[in-house]
Every structure is written in structure tokens, then in C-alpha cells.
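Protein chains in written order, with our numbering: chain U, 436 to 738; chain S, 436 to 738.
Where is the CB? At the ideal position from N, CA and C, for every residue including glycine.
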């Protein structure tokens, strides 16, 4: 194992801070300001876009491209589009008719702040803006690759991905479901978009078929670890740290890993998934260090 | 003026029937069946997609391409994407938090049939499916043209188009607004997507810049006529003919053309807009006859 793979001197916190700043600046550029009409709609979009999200999807997209020799600039519009889709899904999931949440990341949810009508439409507008952003600004690639990026983002967001997973998550409330069904819900509700982040970053950096397969395996395992840890934090964290009410899965009678397997076993599963992710990109060089750090961070995070 | 421009023997009803069948068949192919999981989501998407819509946007897209020598097959995925975006917007607009409508086209609205959560998510899924459909199936064009088609569809659906117009429409309820503001709301809420239908059809048929300008002018005027007639029908039609409750604009205290100008003047404005649309494509040959018939049909329709 080369020294670069463990890379003790790689400053991941700084990496995340620097890249997140570039993402935030780009999100600001790509989103109409709230001085532009209709101001309330643009204000609502910005409220949720800049509500302190960790930018995990954009950062994974960037880290994936960098692992193959690409740059942040090469993928920035697509990275931002992923965050817009993620944000639209949070706004709609929080609505009274779905999860009925009043707080997210320590702030009022969109419908609590702007009313339900504007929250629905702000979600729709962010959804559209994701595709506008790629079609207008994603240029550092062949047009056929850009169309493929749009295809993967749309598929990951749709009925076989994020939205489909959300439907099954709602349907599972109050029911006893198997570990297999739980995993399938997570793979679609959360995993599909995380995977799309990694895939689109790789495609925009001209990934070989072999690289893409390794990165897809990485993405599956990181997505799994991510969701298990989300379930764990809902049990172990407190409201202030998490920025939203803990215990909401219990309240909504949702199937979770801790509920099915207990806390200790769930922590073990999360670590296994993180290790499997890192193993999937074993053959990658030092440029993949940010990806490896992500796989560790996702298990060790506190919110 | 050549005989073909008046084309007394052109069978517009048959044209619409034939093209609408091709659109319906393609919508059926591009949308997952309701035997595919999650079945309730796919059932809800299909319920609204196949609820008797007139397919005006797909047909305008096709007619626009044909006016420039293109074929239905050349534009079918984009034509269907336009209908998916239109349908998603109807589902969300009907929600209790927005227009709170129980019926549309004589059928229960999506949230009345499937519940609010599924209606919100079915709308989101159709929105995504529009982009999936273009990215996966729209092939009879240069990749750069396909990206431009995606850009125009997304812009027309977003904050400067459809969703922005809807926000202003809600904000105008119960307020006195000027004719200028009313026209601006309509131009975005309804006009932007009608224009996108015409523009994308033209782009996919390799329109010259001059053709595109003429067709944009056509689209603006047709869009205006369409919305004025919508307002008129809400006053003059009956529930059974229209398939939804008439008088809903009055109920919601919405600004409309009949309210601002009276019924007679509004009918005059609609005819003027239709005539201006036809004049904008005066130089086009017999292949533009379906477009001309559309401009007339939009004023003469009864629902």
C-alpha cells in the first residue's frame, strides 16, 4: 500500500471547506437573486439552498472527477444541479402531506416560512433549475457526455430512484418490513442521487468503463453507509446537534436499521459499508484521497 | 396568396386525431407501466397523463417541425416531454394549497384520487420524466441541438416562465391588477411552455434564425389567444362541457380578461391575437397549414 493511500497529511477539512465555498459561489451565480421578480419565489429557493447544507452530493461529484484527473471547474454546474435536486426533494418531503416537518438544519422548513403554495413551487423551480444549469453552463465536456449526465441525473431523481424510494418510504410507515426492502428503499431514496453524483463527476472526467464500475461500487457502499448513519443519528443525536427533531423516525413509525438490527449491529454495518467503499477504489492513486476521506467521514459525522 | 395557404381541403380534425394518437402511443411507451414498482406512483402519473388532455403542446411542437419539413417522429420525445411538464404543473396547481380543485377534465384531480402525498410525488416524477425522455429518446438531431431543447424546456418551466407565472397568479388573487400585469402573468404561466413547444419543434427541424423569429411571434400570439379564451370559457361554458367547475376564476377572485375588459372586447382580443399569429407565418408554405388551423381552433374551441 503506497503512503499516498493513507495520506496522513491530507487536510480533508480544508478540502471540504475550499470546495464547498466554490459550490456555494456557483449556486449563488446560477440562482436568480431575490431582487428579481417573482422575488418571493427566488427568496424561497435561496432560503432552502443556503440553509447550511453539507454539500455532500456536489463534493462527491467534484471528488469523483478529481480522482480521475478532472477539476472542480469541469463539473461545477453539474455539482450544483445535484444540490438543487436534493434541495427540491427536501422541500417537498417536509410538506405537511408528506413528512410534515417544521424544522430542518435548525431553520423553519420552507412551508413554515413561506407557506405551502410557495414551498411546492420553490421545489418545482429548483427541480427545473437543475436542468437549466446543466444545459446552460456545463460545457467542459462533449455534448453527448452532457446529455448522458442529464439522463443519469433525471433517472436518479425519478420513479426508479429518489421519488420512487420516497413513495415506498411513506408506504412502509407503520408496517413491518424486511431488511431487504429497507435496503431497497434507501438505495433509491438516498443512494440513487449519491451514485449519480459520483457517476456524473466520473463521466465529465472521461472515466473509463473500468473506473466507472469501481466508482459505482464505491457509490453504492457510501450511500448505504450514509443512510445507516442517518438512521443511527436519529436515535443517538440531540435536536440541537442535528438541527431537526431527533426521534422522528420513531414518531413516524418508520423502518430503520437500529429498529431492525439494534444500534451496535447498525454501527458495524455502517463501518463495513465504508470499508467496502474504500476497497472498491483500492487501485486508484492519491487523487482519490478525498473520496476515501468521504467514506470515513460519512460514518464518523455527528450530523 | 397561394391556394395552399387557405387550403380548404385540409382535414384538421383528422390531422389532430392522427398526431394525437402517435403522441399517446409514445407517452405510453415512455412512461413506466403501473405493473412496475412503485405501482401507485406509476398509476398516478398515468392517470393524469391519460385523463383526456388535448395534447396542444405536443401537437404544436409537431406542427412547428412539420412547417419546416420535419416529421412527427423527429420530435416525438420532445413533444411528449412538453406534455409531461404540462401535466406535472396541472397536478401541482390543483393541490389544496394552490388552486384546491377537485375536478379536472371531468375526472377527480390527482390528490382527490390518490391523496396529496402521491399527487405531489407524481408531479415531481413527471417533471423528471420529461428530461429523462429527451435525454434517452430524442435522437434525430445534433447533440448540441438536443441540449438547446432541454435548455428551452427548462427555462420555459422555471421561475421566469411557468412556475413564476403561477406564483404571480396566486399573488394576484383578490387584487386589482393592470392589463399589463395580467398579460405578463399569462405570458409566463401558459405562454412560455406553448412557445417552448413551437421553438423546440422548430429547432429540431433545423430552423433558420428568420424562421425561428417568425415562429416565436406566432407562439406569443397563439399563447395570448389561448389564455384569453381560457378566461372566456370559465365564464361562458358549463361544467359538463369544460370538465371542471366553471366560475372558478370568479370564486378565486382572479384577474381575467372578461373581468378587466368585458366579454365582447375579450372575444375581439382573442380573434386579433389569432389573426396576428397567422400573419406572423404568412411567408410559410402549405406545410404550415396545421399551425394556421391551430391558431383558428384555439379561438373557436369550446373547452
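- In the displayed model, residue 677 of chain S falls within a helix according to three-state DSSP.
- In the DSSP secondary-structure assignment, residue 539 of chain S is bridged to S:542.
- In terms of Cα proximity to residue 714 of chain U, the closest of U:730, U:722 and U:604 is U:730.
- Shown here, residue 572 of chain U sits in a helix according to DSSP, grouped into three states.
- Interface annotation for the segment 599 to 625 of chain U against chain S: 599, 601, 602, 603, 605 and 606, criterion Cβ-Cβ distance under 8 Å.
- Put simply, the CB of residue 553 of chain S is near chain U, with a gap under 8 Å to one of its CB atoms.
- Neighbours of residue 566 of chain S in chain U, taken as residues at a C-beta separation under 7 Å, are given in chain order as 566, 585 and 589.
- Across the structure, residue 591 of chain U and residue 564 of chain S are spaced so that their CA atoms are roughly 11 Å apart.
- At least 8 Å separates the beta-carbon of residue 507 of chain S from that of residue 491 of chain S.
- Contact note: residue 533 of chain S reaches chain U through 551, 552, 555 and 556, using a C-beta cutoff of 9 Å and chain order.
- Residue-level contact by beta carbon holds for residue 559 of chain U and chain S, with a gap shorter than 8 Å.
- Of all residues in the segment 510 to 527 of chain U, the ones placed with a Cβ closer than 7 Å to any Cβ belonging to chain S are 527, in chain order.
- Contact of residue 530 of chain U with chain S is assigned, a C-beta pair being separated by under 8 Å.
- Taking 8 Å as the cut-off, the beta carbon of residue 639 of chain S is found closer than this to the beta carbon of residue 500 of chain S.
- By the C-beta density criterion, residue 613 of chain S is exposed, having fewer than 16 other C-beta atoms within 10 angstroms.
- Taking one beta carbon from each stretch, the segment 628 to 642 of chain U and the segment 567 to 585 of chain U have 3 or more pairs nearer than 8 Å; the two touch.
- Residues are counted here when their Cβ sits less than 9 Å from a Cβ of chain S; for the segment 651 to 672 of chain U the count is zero.
- Boundaries of the alpha helix (DSSP H) harbouring residue 661 of chain S: 644 to 671, taken from the DSSP string.
- Contact annotation: residue 628 of chain S and residue 654 of chain S have beta-carbon atoms that are not nearer than 8 Å.
- For residue 459 of chain S, the enclosing alpha helix (DSSP H) covers residues 447 to 465.
- If you draw a straight line from the Cα of residue 526 of chain S to the Cα of residue 559 of chain U, it is about 12 Å long.
- Inter-residue distance for residue 631 of chain S and residue 459 of chain S is about 20 Å (C-alpha atoms, whole angstroms).
- Within chain S, the residues 563 have their CB atoms less than 7 Å from the CB of residue 592 of chain U, given in chain order.
- Interface criterion not met: the Cβ of residue 507 of chain U is under 8 Å from no Cβ in chain S.
- Membership of residue 704 of chain U in the alpha helix (DSSP H) is indicated by the continuous run 698 to 715.
- Between residue 569 of chain U and residue 512 of chain U, the CB-CB gap stays under 8 Å.
- Taking 8 Å as the upper bound for CB-CB distance, residue 709 of chain S and residue 734 of chain S are in contact here, some 5 Å apart.
- Contact annotation, residue 674 of chain U with residue 681 of chain U: C-beta distance approximately 6 Å; criterion of less than 8 Å satisfied.
- Exclusion of the five residues before and after residue 668 of chain S leaves 677 and 738 as the residues of its chain whose Cβ lies within less than 7 Å of its Cβ.
- Taking the beta carbon of residue 475 of chain U as reference, the chain S residues within 8 Å of it are 602 and 606, listed in sequence order.
- Within chain U, the residues placing a beta-carbon under 9 Å from that of residue 570 of chain S are 582, 583, 584, 585, 586, 587, 588, 589 and 590, ordered along the chain.
- Excluding the 5 residues flanking it on each side, residue 711 of chain U has same chain C-beta neighbours closer than 6 Å at 656, in chain order.
- Contact check for residue 555 of chain S and residue 663 of chain U: beta-carbon distance about 27 Å, past the 8 Å limit, so the pair fails to qualify.
- Within chain U, the residues placing a beta-carbon under 7 Å from that of residue 579 of chain S are 578, ordered along the chain.
- For the pair residue 549 of chain S and residue 557 of chain S, the CB atoms are nearer than the 8 Å cut-off.
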